[in-house]
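Asks:
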Amino acid sequence: AEFFLVGLALGLALHNGQILDLRFPPALFRKLLNLPVGAAQLADVDPDLARGLEQLRAFDGDVESTFCADFTVTEVAFGHAHSIELKPNGATLPVTNANRDEYTELVTRHRLNGSCAVQFSAFQRGFLLMCDGAALSFVTPDELEELVCGEPHLDFKA
1 AEFFLVGLAL GLALHNGQIL DLRFPPALFR KLLNLPVGAA QLADVDPDLA
51 RGLEQLRAFD GDVESTFCAD FTVTEVAFGH AHSIELKPNG ATLPVTNANR
101 DEYTELVTRH RLNGSCAVQF SAFQRGFLLM CDGAALSFVT PDELEELVCG
151 EPHLDFKA
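The UniProt record's numbering puts the first residue of the sequence shown at 1, with every later residue one more than the last.
In structure tokens:
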């Protein structure tokens, strides 16, 4: 309910032309417009994870023996850690030099989409309740961000 209400408030502000003094990652505005998000947006959401995945992609040595990773991610919810398989039988599949690109893609997809799907769906429903329509299809993610949050970079020399 909280995510729905935040989305509703964001949509109401946009509908009424009110700029909010908030900053959201650019990936949020792409997702609101149903545009894909991927590795290019991960650094805005989780810079440490993005850096780690980039280092994994660029690693020259033996990935399997060095990283000892499998196709799972660990998430902590309510003080309890639980493992999530990124693909069927992911806990038994080691990450190797041959499959590290698939692994980084699945981790990125999980972080930007899977891990927050329920919350984002509620947020988007609230937002679209106030702002759904043809006009939204004509704006870019950057334009939507500017309409909601104002200009993030002020040019005082202009």
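Note that beta-carbon positions come from the ideal geometry of N, C-alpha and C, so glycine has one too.
Indicate the three-state DSSP secondary structure (helix, strand or coil) for residue 63 in the structure shown.
Replies: In this structure, residue 63 counts as helix in the three-state DSSP scheme.
Asks: For residue 116, which residues from the same chain have a beta carbon less than 8 angstroms from its beta carbon, with the 5 sequence-adjacent residues on both sides left out?
Replies: Counting only Cβ-Cβ distances below 8 angstroms, and skipping sequence neighbours, we find nothing.
Asks: Could you tell me if the beta carbon of residue 121 falls within a distance shorter than 7 angstroms of some heavy atom in the ligand MN?
Replies: What this structure holds is no ligand at all, so the ligand MN is not there to describe.
Asks: What does the alpha-carbon distance come out to for the pair residue 98 and residue 38?
Replies: Spanning the two alpha carbons is a distance of roughly 21 angstroms.
Asks: Round the Cβ separation of residue 49 and residue 144 to the nearest angstrom and send it over; I've been treating them as touching at under 8 angstroms.
Replies: Contact flag wrong, Cβ pair sits at about 25 angstroms.
Asks: Within this structure, are the beta carbons of residue 30 and residue 41 separated by less than 8 angstroms?
Replies: The answer is yes: Cβ separation under 8 angstroms.
Asks: Could you say if the stretch 88-107 and the stretch 57-70 meet the contact criterion of at least three C-beta pairs nearer than 8 angstroms?
Replies: Because the criterion of three Cβ pairs below 8 angstroms is met, the stretch 88-107 and the stretch 57-70 touch.
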